[in-house]
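The sequence shown begins at 1061 in our numbering and counts up by one.
For each residue, glycine too, the CB sits at the ideal point set by N, CA and C.
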Amino acid sequence: MINNQTEAISKTTKIDSEGLNTVTLEGILDLAENQIISITISNPASHYAYVRVYSSSRFFIFSKGTLGHSIAALSTHYNPSSTKMPANTFSKLNSWDISSPQTLNHYSNVQLQQGEFVAPIPGYYQINIALYLSNCTTAAARLSVKTDNSYEAIGPDISLTKESNDCYLENSLLLHLDTNDTLRLEVKSDKKYTVLSNTSYQVIFQTTYTLWPAAIFTLQQPFQFKTNSAPVKVSDWSHHTEGDWNDMFFNASKDEIQIKTPGLYLFSYNLVVKATAGGQFHSEIVVSGNAAGDGGSCQRGNAPQTFTCTTSTLLNLMEEDKVAVQVWMNDGTKAKQSSVQVSTSSRMTVTLLGDTRSHPVFKLNVQPPKTAYSTKANSKDTKTLTDFTFPNTSFFQSGAVFSNVTKTFNSGKDIGFLLLNNLQLNLQNDGYLTSVIGSEANNTMVYSKDHKKSHFSLPASDLTLDSQFYFNVSAEATKTALKWQPESGSVVSGVYVDKTENMTCFKAQLKANTKLQCSSKWTQIPVKHWNLKLLLNDIATVTKTGIQIAKSGFYLTSLNFAVKANTSNTVINVKISSAQHLNLSASETSPADGVFSIFLQAILEATSGQNVDIQVKCQTPTEITYAKGGGLFAFKVDERRTSPGMRKRFTAYHRYRYGHSDRIGSFYPYYSYGNGNFEQFRQDIQNNNWKLTVARSGLYLITVVGYVRTYTYYYVDNTDHFELGFSSPTSMNATGATCSLDSSPLYFKDSDTKNDESLALTGFVSWDKNDIAGFLGRFGYYSVSYSSRFYMSIQFVGDKDTSSGFTATLQKDTSLAKGQNHQLPKQSWTSDKKCGQYTTKDAAQFEKFKVSYTGYYVVAMNLVLNHGDGCDFGFCFTVGGKLIKGGVKGSNVGCFKQHLRSENQTSTSTVSNAELLYLKAGQVLSVQLSTNLELTISKKSSFSVFYLGTAGAMLGFSSLINTAIKRPLPSYRSRYYHYHYYYHYHDNDNDYAQYVVAGWDTTIMGFQNGIKSSVNDTFVCSQDGVYMVMAKLHVKAQIQMNQTCKVKLQLAVDGEVLDFAFKRDVGVSANTLSFTTTLRLEKWQGLTVRLSSKLTTCTSVDIEAGSSFSVVYLGKGEVCGKERHEEDRNGREREERRERWIGGGGRGRKERRWVRKGGWGGRDG
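Pasting the structure below:
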């Protein structure tokens, strides 16, 4: 209702039965200032009804913009007619009521030709349709667009919902239209029908809004503080502008910003300061009351009366972190305090860039030298910064960019990187220092403003497309030798922007040695003074009046105004403005001699068609000359790069058939409706049956875990083989195909297939977005049962050019003699870079992989073994040829053990293990193998290594069990009766004793970052997203009746055990249970490791030291509601769930059976 009088939007819903119902009202209204909007509920029926509105209801309203000539809008209702529309044919609706603007219907700057909407300008349009038809059973609606004199449906026909004798449809969509494109709405019904008057049609042009987590803060009034006093937060910031949605992303007070969305942020501030000359000024970023100390500082020694302090830094922020800027100044006179003013032209900006997986990033702390660097008198030299450290989690690296071995930066081909440095410098005598950032071909040179002995900051930035770049400091001495050094707090950093094909950016340089007459009035720098170096994806056009932005959005904008003035001690003002609106400015007092830079950087919001102008004004008219290396760049930051991912329960395609063991079958997503929130998800990965495609090329983590069930009959021998593989690209063709099952870089085979065969695979593959990939298999028996529980997960982890690692397979089948501490011969592993295998720029040798980047690595081994019965096989990852101890009591880290059985003379088994290992640059990683029997390792085995980054770049934890855990079980007598009473063919959870594994220690070779509570038995998720989960237990058991002890390794979320398990038969010798998977977890959910042991055969189960549990955040992994709904519906159509009570001995047991429709029932699950 408007003003509690006029009905604006209405909906009548018929409630057929008691229960929850959701009613949605949606529309576009032309509202005047001070009008009141309210919602009313009424019951038009004659009888009494009790209605409760639940607290989960929402009321949401926001401005679409002023109704005027610039915004195309249409809102209309249908004029009903007594004439009925024909049946079984699509009829165009053209009797729309275009009333005067005084009514709720509004009609502005659009054409409606014979009932069809004509787009006046190109862009995105929101379309709301509410159709109400009388006298129909089935009906459908169709939207078509007319382009070049022909109509084309924009999608499939949309069915209307039947209610009593009527049909209705309410739908909303976003559609891109070009100028003069015509939109037609048509309806078809199975009977002659009439269109009711409450049918409505709304179309509105989508103007640009601030819907990105970015905010620009300005000071409402000058901020004052006193010298020689404690640090104080700069306050009275404001960011509220028309259409600003930043309250969705930030809680902003006058002196700080509270973060709502965790992630990687770019934080910038630009303080224009006026003070008494000669003092030492300091400013720094504080996070939740603590000085960040990681690139957010700016200091100015021998400060002039007017100056500007600018800095930008990358911050890895958590939810509820509070960010502020604090300042203080000392002028050397402790007894006296003077006033310092921060001007209203100051700015503070913050923007979310994404996360460290989709945006590889590095942030390195410059190690101060033990002695100062020296430059000879009357000479120049250059120091390349190469000595960096990671002293705490504020400094991090998630991409393979800076090599600690070669001491070089390398980002790969055709990649854009934003480079930042903020150097804290100690100039010990007079001279000139310049920060040079970029590459040999293209660089930015930021000149210091301080040429006298002092301590000061020297920030710089560059947008580079070159694969190799550097951070240099150029020093120039005058008549005496120059001594200088970087101090603590100096930082260099960089963040991946995008592939050059996707980047929206421009870059221009000021023409060196060109002169500009700077007057006391604002003067625009002429276009002819610029050299346009880069213009990607039509970001802007260069006109006679300036640089005109072509795409609206948020831009990181950086100006290095490098000049020499022929007048000293004059205030030079520089500003970046658009549409006569000040965006960013600086004021600086020119030094008495030499070149200096006025550096400006911030996130700015620009609108399509606006000019971006650089203007300058001088307190005293003077001539200035541009220096080498000055310029301007900007790139669009509000174009989020996603991390494609998928986790589904899978099953076999129908091409498996008994007697055709050579035929290759495929696996496809199996739409189960259990545990849909965290066990199954999909983002930017499409599947057509078994064929998978991704939206982004790169490296992907592939995991498989669970168990396979077969269709089993007593008259058929069930000893047979099962094979599974993944490759990219792949083909079902077994012969002649470049990539198929037998060439899979991730491969599993077991020749003694039991009814419940556990399998696990972990590895990394290279996947191009133009390739079809998939899971293929071969099964020599009849078929794989739908009651199998195995899950396959796919998750983007990085671009190949910014990653470190490899996936390799063996060149040939390799024999291994019995004995300890074997190492495979040189060049045993090979990567031919096809079918998903890959190597990165630093991976030269696989048997002895030399680590280039300090941090955490996922190291995965999948070995296909041909062995005899009773084979005790194991392998350990080693560093420098030595086992990894790490202070763990009684065991080694990174080891795997397995007791392998065989029902024949020889059998084929696959063992798989993945570890999260901390490795230092220069170390050599290798594998050590042991066996008590001779065996053969198949050439289909694989070895993967992938660099995740330093602990500061990851959200999650890595932990170990330090001391063995003994777990006694109930007495044999109680087990016997339990066994006798509940025995049945398939294992049931009632037969197992299950408990939560506790005692995880993150202090021994582990880490914990971004987690609010310590991990003893439960990982509590701190933010929504997809997480890699790695669980490994070394288990040995005491057994009864010479049997083996059946154990299961599982995961539980909020106490609910997940749908898959990894099973093993273990004995007195240790066996390893290990798997890796991905889960989509929500904030505050708790994840635990569960171990179950069969009550009928196990007397006790021990967990040995060296067992590990790790969880690492990989990306958002969002799921759209439509997809989840479709999966639930398809799942119900594909299988039905039956529960029956089976009696026995006077007591009943509830048995759950999952039976495929059309199946055999009985023992197929």
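- In the structure shown, the three-state DSSP call for Val1602 is strand.
- Under the 8 angstroms Cβ criterion, the region 1356-1367 does not count as touching the region 1410-1428, having fewer than three qualifying pairs.
- Two segments are said to touch when three or more pairs of C-beta atoms, one from each, lie closer than 8 angstroms; by this definition the region 1335-1348 does not touch the region 1526-1533.
- If you ignore the 5 residues before and after Ser1657, its C-beta comes within less than 6 angstroms of the C-beta of Val1506, Tyr1507, Asn1620, Ala1622, all in its own chain and listed in chain order.
- Nearest to Asp1490 by C-alpha distance, out of Thr1538, Leu1523, Leu1525, is Thr1538.
- In this structure, the straight-line span from the alpha carbon of Gly1392 to that of Asp1744 is close to 60 angstroms.
- Judged by their CB atoms, Leu1570 and Tyr1686 are nearer to each other than the 7 angstroms cut-off.
- When C-alpha distances from Cys1678 are compared across Lys1624, Asn1452, Met2014, Met1921, the shortest belongs to Lys1624.
- Judged by DSSP secondary structure, Ser2129 falls outside any beta strand (DSSP E); it is assigned neither H nor E.
- Judged by their CB atoms, Thr1453 and Gly2012 are nearer to each other than the 7 angstroms cut-off.
- Cα atoms of Phe1695 and Asp1522: separation of roughly 11 angstroms, rounded to the nearest angstrom.
- In the DSSP annotation of this structure, Cys1799 is not part of any beta strand (DSSP E), being labelled neither H nor E.
- Restricting attention to beta strand (DSSP E) runs no shorter than 3 residues, the region 1829-1911 encloses them at 1834-1839, 1849-1858, 1865-1870, 1874-1876, 1879-1882, ordered along the chain.
- When the Cα atoms are used, Leu1479 and Asp1510 turn out to be separated by approximately 23 angstroms.
- According to the DSSP assignment, His1236 belongs to the beta strand (DSSP E) that extends over 1226-1237.
- Judged by DSSP in its simplified three-state form, His1342 adopts strand.
- The residue among Asn1330, Ala1877, Ile1762 with its C-alpha nearest the C-alpha of Pro1704 is Ile1762.
- Two segments are said to touch when three or more pairs of C-beta atoms, one from each, lie closer than 8 angstroms; by this definition the region 1890-1903 does not touch the region 1950-1959.
- For Lys1688, there is no enclosing beta strand (DSSP E), since its DSSP letter is neither H nor E.
- Straight-line spacing of the CA atoms in Ile1189 and Val1247 works out to 12 angstroms.
- Take the alpha-carbon of Leu1374 and the one of Phe1455: they are about 9 angstroms apart.
- Residue environment analysis places Ile1121 among the exposed positions, since fewer than 16 neighbouring C-beta atoms fall within 10 angstroms of its C-beta.
- Short of 6 angstroms from the beta carbon of Asp1381, and not among the five residues preceding or following it, lie these beta carbons of its own chain, in chain order: Ile1319, Val1347, Ser1348.
- The C-beta distance from Val2075 to Ser2019 rounds to 6 angstroms, short enough to fall under 8 angstroms.
- Boundaries of the beta strand (DSSP E) harbouring Tyr1325: 1323-1334, taken from the DSSP string.
- Contact between Val1465 and Gly1982 is confirmed by a C-beta separation of about 6 angstroms, below the 8 angstroms threshold.
- Relative to Thr2078, the option among Thr1278, Ser2170, Gly1175 whose CA is nearest is Ser2170.
- In the structure shown, Met1706 adopts extended strand secondary structure according to DSSP, grouped into three states.
- A Cβ-Cβ distance of about 6 angstroms is found for the pair Thr1605 and Asn1671, placing them in contact under the 8 angstroms criterion.
- In the displayed model, Asp2051 falls within a helix according to three-state DSSP.
- Of the candidates Gly1691, Phe1659, Ala1541, Gly1691 places its Cα closest to the Cα of Ala1572.
- Between Gly1355 and Asn1482, the CB-CB gap stays under 7 angstroms.
- Tyr1433: member of the beta strand (DSSP E) spanning 1433-1435, first to last residue.
- By the C-beta density criterion, Met1308 is exposed, having fewer than 16 other C-beta atoms within 10 angstroms.
- Take Asp1296, set aside five residues on each side of it, and the residues of its chain with a beta-carbon closer than 7 angstroms to its own are Leu1279, Gln1280, Gln1281, Phe1283, Lys1314, in chain order.
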